[in-house]
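Encoded as structure tokens, the structure appears first; notes follow it.
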Amino acid sequence: RDLPYPLPKELHIVPPRMNLYIKKNMEVNSIFRQYVADEDLLIYSIDESILKVTKSLNLFTTPGTRSERRKQLARQIQLHVYRQTGLIATVGIGDNPLLAKLALDNEAKKNKGFVAEWTYQNVPEKIWAIKEMTDFWGIGSRMKKRLNRMGIMSIKELANWEPYALKRQLGVIGLQLYFHANGIDRTDIAEPPEPTKEKSYGNSQVLPKDYTRKEEVEIVVKEMAEQVAARIRQHNCKTGCVRLYIGTSIMETKSGFSHQMKIPLTDNTKELQYYCLYLFNKYYEGQEVRHVGITYSKLVYTDSLQLDLFSDPQQQINEEKLDKIIDKIRQKYGFTSIVQASSKLEGARSITRSTLVGGHAGGNGGLNND
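Each residue of the sequence shown is one higher than the one before, starting from 1 at the first, in the UniProt record's numbering.
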């Protein structure tokens, strides 16, 4: 999608191979572990990792300034990755994870050697010079709009804003952005992260095209409500809160929405589909939809069935049994062994997505090297 037409001759369209991507990711991270201990390696995403090299810098480099030794090690790791995997690694170097990440995203990818170094000393000339606020770690389009409404139009202005005014307007995130805009990040990747106070389960997907028909979006909402319901049942959970996110097409003038509602504790597929569709029908205004997300929170870990006084108790018991039977069949024979009839209709996504890996094609269709 979004390709120039007619397609240029030098453009090659190839199928994605997510399984190969994951395999290569594991190879690269195994190389990183030869340079740092496990506690000094943070796998940030499928294609990014953060290495704390404080303890290993002297071991792998020759004498020189701190900057020279860091660049030596970066080059050594790049060559190691290239020789073993054939991949070209881009490296951001910084005095903390924030500066390393910003150096990677904003400079290293454009440099000849694919290496860039940002330090506390050059915060004004590096961080404050970032032109687009959304190129800064932690600022998306929605946060940018909030900052703009406050009168903050650049990273430099953010860095010099009154920090407690930011906290009043944005909470602790405001203070975090203030410190980050000044290059300050106290994160120690060797320290285990604090567990979140409340767990939730969710799923989201970007649709392959703009969905203009309400009925097609409803099918996707029902499918995703069912998929997340199966996840909470797998973990013996019931949810007390449903959240629906609808993102719109880039050409759509109407904005999307995100709303949630408290519900009686349940893990019943039909009930959760009903609540998700209720939110959709309540707030949908005919937008062209490109992104759908569903989250269940306010979780309670229990195997017991909470009966509804206004519904037939035997029907509720039967529906719970049916959900669990379907879950067992799918666990044994695969998701497509039993699907709802609506998943065969135009616009449905669950059957197609059941063949994907992390939302991407695994590359199993006729490709033998993954």
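No residue lacks a Cβ here, since even glycine has one placed at the ideal position from N, Cα and C. Quick caveat: nothing in here was measured; it's all calculated off a predicted structure.
The beta carbons of serine 200 and threonine 295 sit closer together than 8 Å. When Cβ pairs closer than 8 Å are counted between the two stretches, the region 264 to 284 is seen to touch the region 229 to 243, the count reaching three or more. In this structure the region 312 to 319 does not lie against the region 212 to 224, because fewer than three pairs of beta carbons, one per stretch, are closer than 8 Å. Tryptophan 137 sits close to lysine 101, with the two beta carbons spaced by under 8 Å. In the DSSP assignment, aspartate 210 falls within the beta strand (DSSP E) that extends over 201 to 211. For histidine 80, no pairing in a beta bridge is given by DSSP.
With a cutoff of 8 Å on beta-carbon distance, leucine 104 and glycine 92 are scored as near each other. Within the model, the alpha-carbon separation for glycine 151 versus lysine 126 is close to 22 Å. A Cβ-Cβ distance of about 11 Å is found for the pair aspartate 38 and leucine 51, leaving them out of contact under the 8 Å criterion.
For tyrosine 278, the closest of Lys324, Lys222, Ile173 by C-alpha to C-alpha distance is Lys222.
A direct Cα-to-Cα measurement between leucine 177 and arginine 243 gives close to 27 Å. Note: arginine 75 is not bridge-paired with any residue in the DSSP secondary-structure output. Cα atoms of asparagine 281 and aspartate 47: separation of roughly 38 Å, rounded to the nearest angstrom. Around the CB of glutamine 234, fewer than 16 other CB atoms lie within 10 Å, so the residue is classed as exposed. Glutamine 287 and glutamine 34 have their alpha carbons spaced roughly 51 Å apart. Alanine 181 has its alpha-carbon roughly 29 Å from the corresponding atom of phenylalanine 257. In the three-state DSSP reduction, alanine 116 falls in the strand class (E or B). Contact annotation, valine 292 with serine 204: C-beta distance approximately 7 Å; criterion of less than 8 Å satisfied. Taken atom to atom, the span from the alpha-carbon of asparagine 96 to that of serine 67 is near 14 Å.
According to the DSSP assignment, glutamine 227 belongs to no beta strand (DSSP E) but to the alpha helix (DSSP H) extending over 214 to 234. Rounded to whole angstroms, the gap between the alpha carbons of isoleucine 130 and asparagine 106 is 8 Å.
The C-beta distance from arginine 290 to leucine 207 rounds to 5 Å, short enough to fall under 8 Å. Beta-carbon to beta-carbon, leucine 175 and proline 163 are separated by about 6 Å, close enough to satisfy the 8 Å threshold. Between the region 52 to 63 and the region 72 to 81 there are three or more inter-stretch CB-CB distances shorter than 8 Å, so the stretches are counted as touching. In the three-state reduction of the DSSP assignment, proline 264 falls in the strand class, which pools E and B. Here DSSP, grouped into helix, strand and coil, assigns valine 28 to helix. DSSP places arginine 349 outside both helix and strand once states are collapsed to three, so it counts as coil. The DSSP-derived three-state label of lysine 52 is coil. Beta-bridge partners of cysteine 241 (DSSP): Lys262, Ser297. In the DSSP assignment, tyrosine 44 falls within the unbroken beta strand (DSSP E) covering 41 to 45.
Assignment of alpha helix (DSSP H) within the region 166 to 200, counting only whole runs of 4 or more residues, yields 172 to 181 in chain order. Between the beta-carbon of asparagine 29 and that of serine 49 there is about 6 Å, and that keeps the pair under the 8 Å contact cut.
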